[in-house]
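K.L.:
Take a look at the following structure, please.
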């Protein structure tokens, strides 16, 4: 009976994670704690691997919905995806040697900077500007893709938000186009991490199947919400997510 209740709770949390992921990312912040509670005996790599499997399904579902509706600069997206893929794999295989505390403090500071900047720039992400995608932009995409991809492979929370902020701030996307691009990069990083996690047995397949279906449904609902309410809604949701991330990570670091 307990096993069944835990499964149903995970299905619910997977749905919520898919819903959040489809708009601003950060679904792992919902699902990872739920997995830790349900499976306290498992090591962190298995928790992360299971979360990546569910997140891949969620991101793929929402990406299909976004790509059908928006046009993206593939000359920028493809090399950035490849860079993120490679470095996410390197991050995944480094999961046991990179000090987590250092990453947590660095990410905590970056989240505060992102939140303050997004709050002060009221027009951020409201207008989609078509900038010329030359060599400079592509190199920037590759470098940022490598940094965020490595972080996603070795740790992960908030990586979708970092990708979202990257496309808005650096490449002048609006929130809708930025979410679409961020989904594609997250798909690349999730696949790369799973290439390491799956052969090592770090995915709980018996639980993943239920959560995958729930996450796909959540992502579908989240995509509909994003297109119905537009960039202004996503900006507010993005700020709320950043505040949640800052609060949760700050509590873990200082209390």
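In our numbering, the protein residues as written are 723 to 977.
In this text, a Cβ means the ideal position worked out from N, Cα and C, and glycines have one as well.
I need the straight-line Cα distance from residue 862 to residue 834, nearest angstrom please.
P.N.:
22 Å
K.L.:
What's the gap between the Cα of residue 877 and the Cα of residue 817?
P.N.:
7 Å
K.L.:
Quick one: any contact between the segment 745-763 and the segment 955-963, if contact means 3 or more CB pairs under 8 Å?
P.N.:
yes
K.L.:
Judging by CA-CA distance, which residue of 974, 926, 948 and 946 is the nearest neighbour of residue 763?
P.N.:
926
K.L.:
Can you tell me whether residue 839 is helix, strand or coil according to DSSP?
P.N.:
helix
K.L.:
For residue 793, is the classification buried or exposed, using 16 other Cβ atoms within 10 angstroms of its Cβ as the cut-off for buried?
P.N.:
If you draw a 10 Å sphere on the C-beta of residue 793, you find fewer than 16 other C-beta atoms in it, and that means exposed.
K.L.:
Determine the contact status of residue 887 and residue 900, defining contact as a CB-CB distance below 9 Å.
P.N.:
yes
K.L.:
Can you tell which of 798, 936, 774 and 889 has its C-alpha closest to the C-alpha of residue 919?
P.N.:
Out of 798, 936, 774 and 889, 774 has the C-alpha closest to the C-alpha of residue 919.
K.L.:
Give every residue of the same chain whose Cβ lies closer than 8 Å to the Cβ of residue 827, excluding the five residues on either side of it in the sequence, and list them in chain order.
P.N.:
975
K.L.:
Going along the chain, which residues of its own chain have a beta-carbon closer than 6 Å to the beta-carbon of residue 771, five neighbours each way excluded?
P.N.:
Contacts found: 919, 924 and 925.
K.L.:
At what residues does the alpha helix (DSSP H) containing residue 764 begin and finish?
P.N.:
No alpha helix (DSSP H) contains residue 764, which DSSP labels as neither H nor E.
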